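2 protein chains.
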Amino acid sequence: MEDTNRSWYFVERPAGEPDADCFELRAADVPEPAEGELLVRVEYLSVDPYMRGRMRDSESYAEPWDVGDVLSGGVVGEVIESKSDQYDAGDLVTGEGTWAEYSVLDAGDVAPVDPEIADPPAYLGVLGMPGRTAYFGLLDVGDPNPGDTVVVSGAAGAVGSVVGQIAKLNGCRVVGFAGSDEKIRWLTDDLGFDAAVNYKATDDYGAALEEVAPGGVDVYYDNVGGPITDAVFTKLNLDARVAVCGQIAHYNAESVPTGPRKLPQLIAPRATVQGFLVGDYATRFEEASEQLAAWVASGEIDHRETVVEGLENAPDAFLGLFSGDNVGKQVVRVAE
Amino acid sequence: MEDTNRSWYFVERPAGEPDADCFELRAADVPEPAEGELLVRVEYLSVDPYMRGRMRDSESYAEPWDVGDVLSGGVVGEVIESKSDQYDAGDLVTGEGTWAEYSVLDAGDVAPVDPEIADPPAYLGVLGMPGRTAYFGLLDVGDPNPGDTVVVSGAAGAVGSVVGQIAKLNGCRVVGFAGSDEKIRWLTDDLGFDAAVNYKATDDYGAALEEVAPGGVDVYYDNVGGPITDAVFTKLNLDARVAVCGQIAHYNAESVPTGPRKLPQLIAPRATVQGFLVGDYATRFEEASEQLAAWVASGEIDHRETVVEGLENAPDAFLGLFSGDNVGKQVVRVAE
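Chains as they are written, first to last, in our numbering: chain Z, 1 to 336; chain U, 337 to 672.
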């Protein structure tokens, strides 16, 4: 092909909050797929909070990016050239690609996109990694029972919004914390949350929680950490489960954050707190994807994507995650 | 009976560290057992860290003491008068009694003491509630596998010393934190711990841990909390389990203690942190008691009691728990 391919490179490790200096847009030749690979024209790319961890120069659950790497992440796009018999040119697929106009994906790691079930960007959200994270984190780690009160932080995000709806489908009372009145309305009016707290409109989270969850908390699905989590830990019921999915409030911390100690609070309720990673459920991804697709197709699970236009705005879309700019899944539209 | 009965009363709630003002020794008539009860002459009584929680004016896992109550706790003693056909005068028994010379116990709640298996005070330690706490907390919550590195805080206490030995019997590598060279020697020379750290001889617990547990921590049995726990949380291995038994470092705190946030540290290792109470295992107490008695009888589990002489010194024995005066189980000898 004659085209050039613009891609975002990771050029500087951030100290604290990342900014535009961490990213550089460069043009290069469109890559060639090798045997078993697909050349994909990227239509949508995903920016996710966990990527902040990849910017650190230390081993974590996601492999760190090296300075000079092309940034990677989930994409949806059209197969332009296939070196695999699994897919043909013209197919819509999703998988792990790059922040770029064209990306080479391993055919064995991609999944087909069916626009009849949902618009393509949903495959980066409710029908992608965030949806599966919600599914396994809530059902396997949170283990909700009908009648349980489930509290979700980051409730209007890609993961939290799905968590709350799955909890409702399981007969739970669901309370969300989110950061704008628009988000609160979405949660309660559209998604069926029983109550939601705009944490930017109060600083007494304990009182807010007492109001919306007077019977205490049976399951806490935590995407955020910080003072919301501090309040929830004072209200854990007997045998409460806390699923630690993310701690976005602390991702940009330059030193180890401090706060109220939580271990003393676990003894009386015999509570269990568990960190988890969706990747550990890889052998069950199909189960989750099928169930989520069924719920989306039937309308039992609603979803929303916040779309930033243009590859050139991908860093801004990523940085906006930390100020809560997104409602639902944050994606970048790279091409039609 | 003509005798008087001296008993310790709880006369003032402490703010922060309790002191002698909280306790008052009063004389009264020896109580009369009702039907189904036993009058017991107390030989040994138990003082335990969890009792600090009963001094608070708030619901917790142990019912709070009211100001004016006789202090209660585990005792070993001789049945003086039996109103039950389960026990006869002269029998040695253990159960929940009072800080007193004579105590009335419910025959249905006591267990016989067999001095052939161990000296009577051991029935307040390894063969009593602390031993069962070690047994269930390690085996059920910690769930150790052979080859695991198990770290125990408060390792030379009544619970910790048993935890470490059960872990050794399960093929683990065992590391203890304790507060004196004498305790360290006991752990490593007599109890078979692989290593032990005198936390009063260093303030770099991270470096100390790196030395004694270079491969990280698979199971952490926490009796203490605070900076030792902070260090351990930085070294949790994949799928690590943390059993939160006690947090004695914080029991006297007058406000909510703060420290490094731990939830962000749980995600990469997918660690599980669980609070528990031994009372929840009541239906399996017999299993634990039989196993512990067998291990003690065979010499596979060693034990030690620190004996304070005289009922009048019971408050000091209790207060000494918070400065780590005891090696093994702290008991008070009330009578021969």
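Glycine included, every Cβ here is placed at the ideal spot set by N, Cα and C. Keep in mind that this is a model prediction, so the values were computed, not measured.
Annotation: THR469 (chain U) is outside any beta strand (DSSP E); the continuous alpha helix (DSSP H) that includes it extends over 465-472. Here DSSP, grouped into helix, strand and coil, assigns GLU336 (chain Z) to coil. In terms of Cβ geometry, VAL331 (chain Z) and LEU311 (chain Z) do not form a close pair [threshold 7 Å].
Ranked by how close their Cα comes to the Cα of GLY478 (chain U), the residues U:TRP401, U:ASP450 and U:VAL499 have U:VAL499 in first place.
With three or more CB-CB distances shorter than 8 Å, the region 573-587 of chain U counts as touching the region 382-390 of chain U. For LEU45 (chain Z), the closest of Z:LEU139, Z:ARG132 and Z:TYR102 by C-alpha to C-alpha distance is Z:TYR102.
Identification of chain U residues near VAL273 (chain Z) by a Cβ-Cβ cut-off of 8 Å yields LEU599, LEU602, THR608, VAL609 and GLN610, ordered along the chain.
For secondary structure counted as the alpha helix (DSSP H) over 4 or more consecutive residues, the region 593-662 of chain U holds these complete runs in sequence order: 600-603, 621-634 and 650-656. With contacts defined by Cβ atoms closer than 7 Å, VAL70 (chain Z) and THR98 (chain Z) form a contacting pair. For GLY259 (chain Z), the residues of chain U that pass the 7 Å Cβ criterion are THR594 and ARG597, in the order they occur in the chain. The beta-carbon of VAL477 (chain U) is placed no less than 7 Å from the nearest beta-carbon of chain Z. Looking from the CA of TRP401 (chain U), the closest CA among U:MET391, U:GLU371, U:ASN649 and U:GLY410 belongs to U:MET391. For TYR397 (chain U), the chain Z residues whose Cβ falls inside 8 Å of its Cβ are ILE267 and ALA268, in order along the chain.
Taking 7 Å as the CB threshold, VAL308 (chain Z) stays off the interface with chain U. At least one C-beta of chain U is nearer than 7 Å to the C-beta of VAL244 (chain Z).
For LEU613 (chain U), the residues of chain Z that pass the 9 Å Cβ criterion are ILE267, ALA268 and ARG270, in the order they occur in the chain.
For the options Z:ALA28, Z:ILE80 and Z:GLU24, the alpha carbon positioned closest to that of GLU43 (chain Z) is the one of Z:ILE80. GLY16 (chain Z) has a beta carbon lying at 7 Å or more from every beta carbon in chain U. In the DSSP annotation of this structure, ARG349 (chain U) is not part of any alpha helix (DSSP H), being labelled neither H nor E. Listed in chain order, the non-local C-beta contacts of LYS598 (chain U) below 7 Å within the same chain comprise PHE569, local neighbours out to five positions each way being set aside. For ALA503 (chain U), the uninterrupted alpha helix (DSSP H) segment begins and ends at 496-505. The alpha-carbon separation between GLY467 (chain U) and GLU626 (chain U) amounts to approximately 11 Å.
Here DSSP, grouped into helix, strand and coil, assigns PRO112 (chain Z) to strand. In terms of beta-carbon proximity, GLY225 (chain Z) lines the interface with chain U, with at least one pair separated by less than 7 Å. Within chain U, no residue has its beta carbon less than 9 Å from that of THR133 (chain Z); the closest one is some 12 Å off.
For PHE233 (chain Z), the enclosing alpha helix (DSSP H) covers residues 226-233.
The beta carbons of ALA118 (chain Z) and VAL327 (chain Z) sit no closer together than 7 Å. Just so you know, the alpha carbons of ALA288 (chain Z) and ILE520 (chain U) end up roughly 51 Å apart.
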